[in-house]
Structure formats: C-alpha cells, structure tokens
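Q: If you're matching positions, the first sequence starts at 284 in this note's numbering and goes up one per residue. All residues carry an ideal CB built from backbone N, CA and C; glycine is no exception. These numbers come from a predicted model, not from an experiment.
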Amino acid sequence: MSQEYPLQRESEFSWRIDPSGKMRVPGIIYADETLIREMDDKVFEQLCNVASLPGIVQAAYAMPDAHWGYGFPIGGVAAFDPDLGGVVSAGGVGFDISCGVRALRTGLSIEEIEPVKKQLVDALFRQVPVGVGSTGRIHLNDKGMTAMLKGGARWAVEQGFGEPGDLERIEEKGCMAGADPGEVSARARKRQQDEMGTLGSGNHYLEVQRVAEIYDPRIATAFGLRENDAVVFIHCGSRGLGHQIGTEFLKYMVLVASRHGIELPDRELACAPINSELGQAYLGAMRAGINCALANRQIITHLTRQVFADVLPKADLTLIFDVSHNTCKLESHPVAGRQRKLYVHRKGATRAFGPGNPEIPETLRAVGQPVLIGGSMGTESHILAGSEQGAGLSFNSACHGAGRAMSRHRATKLWRGRSVVDELAERGILIRSPSMRGVAEEAPGAYKDVRAVVDAAEKAGLAKKVARMEPRLCIKG
DNA sequence: ATGTGC
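1) Cβ atoms of Val594 and Gln652: under 9 Å apart, would you say?
2) Let me check understanding here. Comparing Cα to Cα, which of Trp351, Pro309, Val333, Arg522 lies closest to Ser690?
3) Quick one: residues in its chain with C-beta nearer than 7 Å to the C-beta of His526, no 5 flanking neighbours on either side, listed in chain order?
4) Is the beta carbon of Tyr498 less than 9 Å from the beta carbon of Lys742?
5) For the structure I just gave you, are there three or more beta carbon pairs, one from the region 511-524 and one from the region 385-396, closer than 8 Å?
6) Buried or exposed for Ser484, going by 16 or more other Cβ atoms inside 10 Å?
7) Quick check on the burial criterion: 16 or more other C-beta atoms within 10 angstroms. Buried or exposed for His422?
8) In this structure, what does DSSP give as the bridge partners for Met752?
9) Jot down the residue ranges of each uninterrupted alpha helix (DSSP H) in the region 650-707, minimum 4 residues, whole runs only, in chain order.
10) Report the CB separation of Gly686 from Gly358 in whole angstroms; it is logged as a contact under 8 Å.
11) Quick one: Cα of Ala345 to Cα of Leu330, how far?
12) How far does the beta strand (DSSP E) with Asp605 in it extend, from its first residue to its last?
13) In angstroms, rounded to a whole number, what distance separates the CA positions of Leu586 and Arg299?
14) Label Gln291 either buried or exposed according to how many other C-beta atoms from any shown protein chain fall within 10 Å of its C-beta, with 16 as the threshold for buried.
15) For the candidate residues Ala729, His683, Glu293, Met660, whose alpha-carbon lies nearest to that of Tyr488?
16) Between which residues of its own chain and Pro337 is the CB-CB distance below 7 Å, once the five residues before and five after are set aside?
17) If I'm right that Ile583 touches Leu482 with Cβ under 8 Å, what's the distance once you round it to whole angstroms?
18) Could you pull out every unbroken beta strand (DSSP E) segment of at least 3 residues lying fully inside the region 346-371, listed in chain order?
19) Report the residue ranges of all beta strand (DSSP E) runs contained in full by the region 537-608; include only those spanning at least 3 residues, in chain order.
20) Do Glu490 and Pro302 have their C-beta atoms within less than 9 Å of each other?
Spelled out as structure tokens, the structure:
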C-alpha cells in the first residue's frame with residue numbers, strides 16, 4: 284500500500300484520501316483490504332490528480348476494480364458542475380467511448396447448449412468479426428454514417444438489425460440525445476465505415492454462459508434469470524471511431540487548456556470547460572461515439588441471433604440490458620441535500636441507478652437497473668442491481684469488470700495463449716480467437732479476483748448481487 | 001481500447 288498517499292479507512296469497504304496540495308475534493312476508494320493493498324499506487328496518484336480538476340463535485344471515486352489508466356484511473360468516477368467551471372475530459376471518458384456490456388437471455392438451459400457447444404462457438408466465430416482491424420459485411424457511406432451516429436441502436440433496428448423491443452432495454456432507449464455527427468471528423472468516419480458489427484480486440488468478447496448461482500431470487504426473476512439458464516454476454520465498444528474521437532479531442536484539449544486557465548497536473552488529464560466551444564464539441568462527438576457503440580452491440584446481437592437460429596432454432600434471444608462503462612453523461616444527483624445537474628464521467632465504471640429511477644425501463648423500475656459485470660475470459664461474470672444508497676456513495680456507479688492486476692506485457696511473459704486455451708478447454712470452456720498473444724494478455728490470472736471485486740462493490744453499498752455466471756464458450760478479439 | 005508500437 285502507498286506511503287505517499289495516506290489512506291484513511293472510513294469503513295470496512297471504503298478508503299479516503301483527504302485533500303492536500305491542489306486537490307479540491309477528497310479521493311474515495313471502495314475496496315476491501317486485499318484489493319486496496321494490491322492496487323497500483325498509480326491509482327491513488329491519478330485519483331488525486333482528478334480531484335484537483337476545476338468544478339469537481341463531492342469527491343473523485345475509484346471502484347473496487349480500479350487500475351492505472353490514461354489520465355483517469357480505469358474504474359474512476361468524477362462529476363463536474365458546469366456552472367462552477369466544471370470540465371469534460373477525453374481521457375476521463377476513455378478512448379473506447381461507450382465500451383460496454385450487453386446481456387441476453389436465450390430461452391435455453393445450459394443442457395441444451397452443451398451437445399452443440401463446439402458447433403455454436405465455431406459458428407459464432409465465423410459470423411461475428413473479431414480481432415484488431417476486423418471489418419464486417421456492413422459498409423456505410425457518409426450519409427449512412429451520419430444517420431448511425433445520430434440514431435444509435437434505434438438506427439440499427441430501423442436497418443433490420445434486431446427488434447424494436449430491444450430498445451427498451453438499452454440505456455437512453457438505444458439512442459443518445461445530443462449527438463453531433465458534425466463534430467466527428469472525416470478520419471474517424473473513414474476508420475469506422477467497414478467496422479460496424481465487429482467485436483474488436485483486447486478485453487472484448489462474446490460469451491455464452493451458464494447461470495451458476497442466484498443471490499437474489501426476487502430481482503433475478505424480474506431480470507428473467509433462473510439457475511442453469513444459458514445467457515449471452517457481449518462486451519465491445521465504438522471501435523476505431525471512438526478511438527479517433529478520443530485521440531483528436533485529447534490533442535485539442537492539451538492545446539487550449541492554458542487558454543481556459545486550466546493547469547494540468549498531468550497532460551493525460553487534458554480537459555475543456557463544459558461551457559466552452561471545445562467542451563461542447565467534444566460532448567457532441569462523444570455522444571455520437573456512444574451511438575456508434577450502441578449500434579455496434581445491436582448489430583452483433585443480430586448476428587448472434589442468426590447463429591442461434593441456425594444452430595439452436597428453439598432459442599429466443601431477449602435483451603436483459605445494455606450498459607456502457609466509458610461515458611460522460613448529464614445527470615441529476617443529490618449533493619448535500621440539493622439536486623444538482625452534473626456531468627458524470629464513468630471510465631471503466633458502470634451506471635447503477637437504484638429502484639424508482641425514471642431512467643430505468645418501467646418493467647425493471649421496482650428492482651433497480653441491471654449492472655452487468657463481465658469477468659475476464661474463463662472466469663465468472665456477474666449481474667447486480669443498482670441500489671438506493673448508491674446515489675450518495677458514487678453518483679450511482681459500480682465496478683465494470685474484474686480489473687487488470689498486471690500489464691499486458693507482463694501477462695505475455697507469464698502465459699502462452701495456446702496453453703491458456705487448452706487448460707480452459709479441459710474445463711469445458713471453448714475459446715476461439717484470432718490472436719494467441721491476445722489470449723495470453725487476457726489470461727484469467729492477469730486479472731483481479733472478480734468475486735472479491737463484486738463483493739466489495741456490494742458491501743460498500745454500490746449495487747446488489749443478483750446472479751453469477753460461468754462461461755461455457757467465448758469468442759475473443 | 002487502437003488501421004496496437006519505438
């Protein structure tokens with residue numbers, strides 16, 4: 284644990300760094316003692332940097348899966364008040380804008396999947412493009428690109444990818460308002476024109492999982508989950524488009540920071556006032572990036588349904604929910620007893636609205652928003668539900684995954700992709716990937732213990748555990 | 001995360 288950053292234990296699952304130097308607010312980390320001890324000192328340093336940005340409200344937060352990121356920690360949450368000089372930061376959203384997870388029920392039990400598992404994983408691997416630079420069968424011209432950037436998953440459904448009923452189970456009903464395709468450069472558009480409906484690389488995957496354990500039967504029933512059900516998890520984002528938007532705006536934000544009177548503790552924290560031309564331009568482009576990710580996951584859902592229709596015609600894939608974990612969104616939150624409109628950055632952190640929140644679909648409003656936690660390849664995933672107390676703890680945010688425990692480079696020194704695949708196959712978990720190096724980088728041992736992460740999130744009060752899933756097959760970038 | 005990068 285850090286010598287340099289004095290952590291005060293606030294409770295069994297929360298830790299605090301009091302403001303010092305240029306920090307305007309404290310840093311708060313939700314974690315158990317083991318997670319805190321193993322957390323990179325860089326997380327604390329980055330959290331203190333975030334806490335020093337103009338207009339930050341209440342505290343800079345780190346989730347239990349936090350690790351070192353670009354500028355902001357991954358697993359970081361920070362909210363800014365536009366009227367107090369609050370800022371928006373490209374690095375605070377992350378390069379993979381609106382990277383997120385979508386979970387689907389299949390209407391099948393795992394016993395129905397097992398006999399055709401190999402056929403299913405091979406068909407998915409053929410049908411869903413994966414890997415660095417992967418392209419799909421959809422090619423968008425500039426007009427189509429603009430419509431996609433404006434319409435998100437709603438556009439995808441209009442194009443015949445999926446069903447109108449899907450939209451109800453997506454954040455923002457599948458279409459992020461305030462997107463400004465005019466702020467998305469020609470280069471970003473070009474990079475994306477052949478990449479719709481592709482999974483990408485890194486930690487992105489498509490898995491078929493077994494519901495292994497139900498923690499909260501009432502909420503599980505509301506989410507349509509039963510033990511032994513087969514479910515699909517899709518984890519991916521906005522591909523080359525989001526990355527290009529992030530890269531370009533980061534550069535502009537570095538250039539004009541001093542003009543806005545912003546002193547950057549770290550160049551990677553480049554940001555612009557929300558109430559500035561650049562801040563508004565970024566928000567418009569970022570929202571278009573959100574729509575790109577929502578459309579991408581929608582198209583992949585359609586491809587997945589086609590595969591199931593072929594291999595398991597009895598299947599009926601219905602959307603449980605779709606959550607993004609790299610965003611900046613305008614939300615209303617109580618601060619010291621007063622509702623305030625804040626721009627909440629969640630980078631590697633999942634929105635987790637509690638019961639009653641009007642943003643949650645009516646059919647789920649009584650139980651809270653599904654919080655989808657994708658574990659690493661070969662390990663378990665979790666579904667949680669937003670809690671009422673989460674509002675006062677982290678602007679209704681929770682963890683997003685297991686969180687890396689070491690660098691990709693170190694992981695490739697410790698594991699061989701081929702042996703990882705073989706070992707998982709022995710446990711009946713089938714992996715298909717174009718990159719054995721990618722598999723080594725994503726080896727289960729390179730990640731934190733996802734169950735410890737989820738337990739800490741629950742015990743800190745951020746969200747409530749609902750169900751635990753085990754992977755049976757996985758296609759990976 | 002990324003038409004992976006120096």
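A: Once the coordinates are examined:
1) No, Cβ-Cβ distance for Gln652 and Val594 is not below 9 Å.
2) Checking every option, the nearest Cα to that of Ser690 belongs to Trp351.
3) If we look at His526 and ignore the five residues flanking it on each side, its Cβ neighbours are Phe378, Asp379.
4) The beta carbons of Tyr498 and Lys742 sit no closer together than 9 Å.
5) Cβ pair count under 8 Å is three or more, so yes.
6) That one is buried.
7) Within 10 angstroms of the beta-carbon of His422 lie fewer than 16 other beta-carbons, which makes it exposed.
8) In the DSSP assignment, Met752 is bridged to Val494, Ser664.
9) The region 650-707 contains these whole alpha helix (DSSP H) runs: 673-677, 691-697.
10) That pair is a contact at about 6 Å.
11) So the alpha carbons of these two residues sit roughly 7 Å apart.
12) From DSSP, the beta strand (DSSP E) with Asp605 extends over 601-607.
13) Leu586 and Arg299 have their C-alpha atoms some 45 Å from each other.
14) Exposed, since its Cβ has fewer than 16 Cβ neighbours within 10 Å.
15) For Tyr488, the closest of Ala729, His683, Glu293, Met660 by C-alpha to C-alpha distance is Met660.
16) Only Gly368, Gly369, Val370, Ile545 meet the Cβ criterion.
17) 7 Å between Cβ atoms; contact.
18) The qualifying runs are 357-363.
19) Counting only runs of 3 or more, we get 554-556, 601-607.
20) Not in contact: Glu490 and Pro302 (Cβ atoms no closer than 9 Å).
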